[in-house]
Amino acid sequence: MAFTSVNFLIFTGILIALYYILPHKIQWIILLVGSYVFYFFAGPRYLAFLLFTTITTYLGILLMFRKNHSAAEYLQQHADYSKAEKKAYKAKVKSSNRAILIVVLVLNFALLFFCKAMLVEPIRSSMQGNGTLSFLTLGLPMGLSFYMFQSMGYLIDVYRQKAEALTNPFKLALFTSFFPQLVQGPISQFEDLKETLFTEHSFDRRQVAFGLQRMLWGFFKKMVIADRIAVAVQELKGSEYTGFAFFILVVFFAIQIYADFSGGIDIAIGVAETLGIRLPENFLRPYFSKNVAEFWRRWHVTLMEWMKRYIFYPITVSKPMLNLSMKAKKKLGRFGMRLPIYIGSLLTWLATGIWHGFNLHFIVWGLLNCFVIVISEELTPLYQKFHGRFAFSNKRGYDVWQIIRLFILINLIQVTDLFENVGEYFRKVFSLTYTFNYHVLWDGTMTKLGLNTADYVILLVGVVLMFLVSVLQRKGSVRKQMQKIPRILRYVILIVLLFAVILFGSYGIGYNASAFIYNQF
Amino acid sequence: MQELIEILEELHPEIDFAECEDLVDGKILDSFDIVTLVAEINEHFDVAIPVGELIPENFNSVAALWALIERLDEE
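These protein sequences, in sequence, are chains A and B.
The first sequence runs contiguously to residue 1081 in the numbering used here.
The second sequence runs contiguously to residue 475 in the numbering used here.
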């Protein structure tokens, strides 16, 4: 059941109605049943994976909870223990909890590895040939990566005693399977999501309206912009398009991937909002970043946060790394001290790349990101000197230059996504330095990409709208700002947006491709 | 606590650490800074900060970070 399908709209409509009509006490049960129905329609045989992750996470949490509970009782009964004895006992409990954690993590990541290698990779490769963006395949099969990351993150937080242990298996099942998140995230932290997921919600007209508006904006981005420009991106991938034509591909792809991915997230967050449930933001106006590290704090935020909390930190603050840091500092100074950070970054980016798919171009993507971040980090003292010396670098114009520079740089890296052949990718990148074919803009090439003049006008209006909304977001929620304008004008804007989706929504290649993904299972 | 402030000032000389209370939430300290701090604290105070404690609440202000160091030292 794709977000952009009529079935999804019917399903969501029925769910919202039941959610508010039936007794509020059972709202979370309705969500649980609804999520499993959603999952069942997507592919019943993959329910086994969801159940496997849910059951193993539950058992892990329950065992740790019981151990911690009995340990607390034991220490209470032995209040006369010395500090050292208490410490030794706590270490013993922690060590047995660690064993439980490792078993559950290994079981789940082995399953993920198996699924990615055996089931997903052949499908992903064939879909990429059809022009499907790789992030759309990240959750395959049916959200496995997303619900698994969310569950494993929660399990680790319980082990670290930073999250409450949920002992109700059905509530845990809801946390694992909450349907808006299954397709492409966002990945929630338990402590954040529990605030609204398990509580009772009365019908709030404004909140439901806000949720629907957010969904509408997501449909606009996905169907009017992303699915339309996808046709040109597919064409521009061809080997004959080099130099400036490749640069156009980079810009078009930047628009497509942002509109598609953030549009899908808007729909997920919007659906949850109609139910009174708050999901974390996943995109914080990323194209306004000034450097690659900042970009990755604003793009796919919840995944990067997950990677930081559960991969980067554990590696970099481990004992061997701290020892390395101390030794290397003595010999190499500042760089030496930061060596563990760079090793941690490298491993984290490699893991992120491999998670995208078992293919060289994803590893290249991860390494390029890591390389640029490390180089920027090492050059920081030089930048600071530069900013201190040249006053113009502190002015607004320089900020705009940094934003444009980052936009080009990051999207040159992002576009690796389109080229399974890494050699072809680098050939195209280098062609920027010697092929100055600006004439592609006016020699008719642009009209041969599968887009006509009307499509370009729609895209231009759509991109300008996305830009304006992003600018407005700097002052807070755009929907709240819209409340301040006259009601009639607000309705006109929303109706125009709705008709834009209905009339200009691309129901061609993109639509079929989306349907294709989910029909696989 | 003065020694801790000096470590922080070496990372970000432009910040008034005594006053600031949103070091992580205000995007002053990033993950690289936090790992550097953990290494420095380990070296200067002989306190190992466990990975589970690397949360914004513990790093948002000098006072919070100092409280964390003292708590871990006690344990």
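Don't be surprised by glycine CBs; every beta carbon is placed ideally from N, CA and C.
Contacting residues, own chain, Cβ-Cβ under 7 Å from residue i (five flanking each side not counted)
i, result
"A/Ser656", "Lys627"
"A/Leu622", "Thr727"
"A/Glu795", "Leu1009 and Gly1010"
"A/Val718", "Ile621, Met624 and Ala725"
"A/Asn851", "Ser936 and Leu966"
"A/Phe545", "Given that chain A is displayed from residue 561 to residue 1081, the structure contains no residue 545 of chain A and the question cannot be resolved."
Any C-beta of chain B under 8 Å from that of residue i
i, result
"A/Leu635", "no"
"A/Tyr943", "no"
"A/Pro874", "yes"
"A/Met886", "yes"
"A/Met897", "yes"
"A/Arg858", "no"
"A/Ala853", "yes"
"A/Ile660", "no"
"A/Gln721", "yes"
"A/Lys868", "yes"
"A/Val877", "yes"
"A/Leu966", "no"
"A/Ile903", "no"
"A/Leu882", "yes"
"A/Glu937", "yes"
Cα-Cα separation between residue i and residue j, rounded to whole angstroms
i, j, result
"A/Gly983", "A/Val924", "11 Å"
"A/Ile973", "A/Phe979", "11 Å"
"A/Leu863", "A/Pro746", "8 Å"
"A/Val593", "A/Arg605", "17 Å"
"A/Phe872", "A/Leu906", "9 Å"
"A/Lys889", "A/Leu966", "31 Å"
"A/Met783", "A/Lys676", "28 Å"
"A/Leu910", "A/Phe612", "27 Å"
"A/Leu672", "A/Phe918", "12 Å"
"A/Phe758", "A/Tyr599", "20 Å"
"B/Ile449", "B/Leu472", "7 Å"
"A/Leu578", "A/Val566", "19 Å"
"A/Phe931", "A/Leu969", "12 Å"
"A/Ser1074", "A/His860", "Caution applies to A/Ser1074, whose pLDDT of 40 falls short of 50 and renders its modelled position unreliable; the model cannot decide the point."
"B/Asp446", "A/His638", "29 Å"
"A/Phe780", "A/Glu633", "56 Å"
"A/Val989", "A/Ala790", "20 Å"
"A/Leu776", "B/His412", "43 Å"
"A/Pro647", "A/Lys868", "Checking the sequence shown, residue 647 of chain A turns out to be Lys, not Pro. Between A/Lys647 and A/Lys868, the C-alpha separation is close to 29 Å."
"A/Ile935", "A/His629", "48 Å"
"A/Leu1028", "A/Lys1035", "12 Å"
"A/Asp764", "A/Ser595", "22 Å"
"A/Gln767", "A/Asp787", "29 Å"
"A/Glu854", "A/Ser705", "24 Å"
"B/Phe478", "B/Glu406", "Nothing about residue 478 of chain B can be reported from this structure: the residues present for chain B run from 401 to 475 only."
"A/Asp1003", "A/Ser762", "59 Å"
"A/Asn981", "A/Leu992", "18 Å"
"A/Tyr870", "B/Thr436", "17 Å"
"B/Ile441", "B/Glu403", "10 Å"
"A/Gly926", "A/Thr976", "10 Å"
"A/Leu635", "A/Val597", "46 Å"
"A/Gln874", "A/Met886", "The sequence as given places Pro at residue 874 of chain A; Gln does not occur at that position. So the alpha carbons of these two residues sit roughly 17 Å apart."
Neighbourhood of residue i by C-beta distance below 6 Å, restricted to the same chain and skipping five residues each side
i, result
"A/Phe922", "Gly913 and His916"
"A/Ala814", "Asn971"
"A/Thr617", "Ser711 and Leu715"
"A/Gly1022", "Val784 and Ile785"
"A/Ile1048", "none"
Residue-level contact to chain A via CB, residue i, 8 Å cutoff
i, result
"B/Ile407", "no"
"B/Ile449", "yes"
"B/Leu411", "no"
"B/Glu443", "yes"
"B/Ala439", "yes"
"B/Gly426", "no"
"B/Leu454", "yes"
"B/Phe417", "no"
"B/Phe432", "yes"
"B/Val435", "yes"
Nonlocal neighbours in the same chain, by C-beta distance under 8 Å from residue i, ignoring five residues either side
i, result
"A/Ile570", "none"
"A/Arg1039", "Phe770, Gln773 and Arg774"
"A/Thr572", "Val831 and Thr834"
"A/Phe812", "Ile789, Ala792, Val793 and Leu796"
"A/Arg1050", "Met1042 and Gln1043"
Taking 8 Å as the threshold, find out whether the segment 452 to 468 of chain B comes into contact with the segment 417 to 433 of chain B through three or more Cβ pairs. A contact exists between the segment 452 to 468 of chain B and the segment 417 to 433 of chain B.
Does the pairing of the segment 821 to 834 of chain A with the segment 790 to 806 of chain A give three or more beta-carbon distances under 8 Å? No: fewer than three Cβ pairs fall under 8 Å.
Three or more C-beta pairs below 8 Å linking the segment 836 to 845 of chain A and the segment 756 to 773 of chain A: Yes: the two stretches touch, three or more of their Cβ pairs being nearer than 8 Å.
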